[in-house]
Amino acid sequence: MLYKAPRGTSDILPQEQPWWKYVQEEATRICLLYGYQRLNTPIFEDSGLFARTVAGGTDIVDKEMYVFHDRGGQKLALRAEGTAPVCRAYLEHGMFNLPQPVRLYYIGPTFRYERPQAGRYRQHHQFGCEVVGDSDPTLDAEVIDIARSFLLSLGLPVLSILLNSIGCRLCQPTYVEALKRHYSNYSDRLCPDCEVRLVRNPLRLLDCKESSCQEVAETSPRISDYLCPDCQNHFQAVQQYLEALAIPFEMDYRLVRGLDYYTRTVFEIQTQGEERQGALVGGGRYDNLIEQLGGKPTPAVGFASGIERIISSLKSQQADIPHKPRRTTFMAFMGTEARIAAMKLASQLRSAGIPVIAASGDRSLKSQLRQANSLGADYAIIIGEREVTTGSAVLRDMVSNKQETLTLSEVAAALSGPTTANN
RNA sequence: GUGAGCGUAGCCUAGUGGUUUAAGGCGCCAGGUUGUGGCCCUGGAGAUCGUGGGUUCAAAUCCCACCGUUCACCCCA
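Per my numbering, residue 21 is the first one in the first sequence, and the count goes up by one each step.
Take a look at the structure:
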């Protein structure tokens, strides 16, 4: 074999497609229910879009972006995450002139150059929702509600919704300072990663898994004590609305998210048994992002979910997915004359909306029917010398074993008629 | 980028230094008389045992390197 799918990518084979279809259709259905509209953004963008918004100090920009130069010398990057492109499109198409907020959703591939492992791939697919243009805390709750409804409607038991507020640019810096001061006192105990975090991304210090670092985190100052009045009110309102919607959540004062643009509300959703591969949904508010992209200050909230993780979770949950039985007909023939007649009849049937799989090659009738069987065909049409001369065809019901010789138009009528629908 | 496990036909697995010209199951193909599937029977195709080097009289089997893959860390969906 000369080539394999690149590391961390995979083919989504026919037998996987029902899962993908199911998840994407559920996502779409839920979005419609909440009045969100679909937006597709390009698979690559100017690399600056991600570099500016997601920002340095985060792995996703520092070492995980697929960056390349096109023939015109433009520096481009494969879509590293979904939110920044949505905001770019919001600005580019003047969506700030639409009634605010604008509710959008997307489904598409995302690329990150990292070592693959359970639940993480170099190409994966995200479904996400974004509400742009309104800072109302009901929208934070709405977005969490959507994510939860989505998982529940798929049949996934939602284990926990983790919630936190990381403040805004007024109050967060004060907290970060306090955090740094606290950690500096214990610098001799920190793991090497945390030594780096202390300088580059202090918020992330909180969720280090090293036990010595966790001890430091235990006694560290809490963001909740540093929120400015506006952020405090906002966060309280979010919680209040979640309670009103009877959405259970857990406060997690150590929850911070990896992307720099988050402000105020951040959240993650996990489901049973899949904690190892991380969150199924992650999101939050990003009130400064649009401004960073050159727009007017515009608040927004959203979330993203990983479709691969969701499907894997569904499978381990042994969830059943609804599948619609599909009636298929196999077209068998014997001889060159009959081959032509079969092709014509197949074509005619398809024009009438009847799915037909045509036999190929020079196989025996036995072999053709064996194939029809393994393809799960409900009917086989058989055309040989006899049928060619009489302008007829044999219609065989593969389930009941009954067959009869019919004229070509009778075959079409029989297959399109409701009387032959056996499933 | 770091660490650990694993790499035998399309898939699953046996074989762990010499009757191996590498075995079995699933799948695939063909046949079991004249134009008919699913079960059964018979036969067939399909593997440079991940790649390269080394140890040995002898290696799929031991050693090393590389590659791939899985899992974990980092980080994230």
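The beta carbon of each residue, even a glycine, is placed where N, CA and C say it ideally should be.
All of these numbers come straight from a predicted model, not from anything done at the bench.
Check whether residue i and residue j have beta carbons under 9 Å apart
| i | j | result |
| --- | --- | --- |
| M351 | V376 | yes |
| A100 | Y86 | yes |
| I181 | I166 | no |
| Y125 | R49 | no |
| C211 | C191 | no |
| L69 | L279 | no |
| R168 | V151 | no |
| T349 | L426 | no |
| Y246 | T194 | yes |
| V301 | I289 | yes |
| A25 | Y281 | no |
| F269 | L183 | yes |
| L225 | C214 | yes |
| A413 | E407 | yes |
| Q143 | S231 | no |
| P319 | S185 | no |
| L96 | F64 | yes |
| D250 | T283 | no |
| H202 | S240 | yes |
| G298 | G148 | no |
| A161 | V258 | yes |
Supposed close pair residue i, residue j - CB separation, criterion 8 Å
| i | j | result |
| --- | --- | --- |
| H254 | P317 | Not a contact, Cβ separation roughly 15 Å. |
| T291 | V178 | 6 Å |
| Q388 | A397 | Actually they are not in contact, since the Cβ atoms of Q388 and A397 sit about 10 Å apart, beyond 8 Å. |
| H106 | I327 | Residue 106 is actually Val in this sequence, not His. With a Cβ gap of about 17 Å, V106 and I327 do not count as contacting. |
| F353 | A339 | Not a contact, Cβ separation roughly 42 Å. |
| S325 | Q37 | Not really, about 19 Å apart at Cβ, beyond 8 Å. |
| W39 | I341 | 6 Å |
| L428 | G411 | 6 Å |
| L223 | V196 | 7 Å |
| S333 | L176 | 6 Å |
| R132 | I80 | 6 Å |
| A432 | L369 | 6 Å |
For residue i, three-class secondary structure by DSSP
| i | result |
| --- | --- |
| T410 | helix |
| H202 | helix |
| R123 | strand |
| G68 | helix |
| N184 | strand |
| R416 | strand |
| P268 | coil |
| I341 | coil |
| V178 | strand |
| Y306 | coil |
| T158 | helix |
| L22 | coil |
| V276 | coil |
| A397 | coil |
| E405 | helix |
| R347 | coil |
| I164 | helix |
| T440 | The pLDDT assigned to T440 is 44, lower than 50, so where the model puts this residue is not dependable; a value taken from the coordinates is nonetheless given after this. Looking at T440 - three-state DSSP - the assignment turns out to be helix. |
| P317 | coil |
| T29 | coil |
| E134 | coil |
| P241 | coil |
| R140 | strand |
| A392 | helix |
| Q423 | strand |
Range covered by the beta strand (DSSP E) that runs through residue i
| i | result |
| --- | --- |
| R325 | Checking the displayed sequence, the identity of residue 325 turns out to be Ser instead of Arg. Per DSSP, S325 belongs to the beta strand (DSSP E) from 320-326. |
| C149 | 143-152 |
| E288 | 283-291 |
| I377 | 376-378 |
Residue i, enclosing alpha helix (DSSP H) - first and last residue
| i | result |
| --- | --- |
| D250 | 249-264 |
| M363 | 356-371 |
| Q234 | 231-238 |
| V219 | 212-220 |
| V431 | 428-436 |
> Which runs of the alpha helix (DSSP H) fall wholly inside the stretch 35-113 and span at least 4 residues, in chain order?
Replying inline: 37-53, 67-73, 79-82, 103-112
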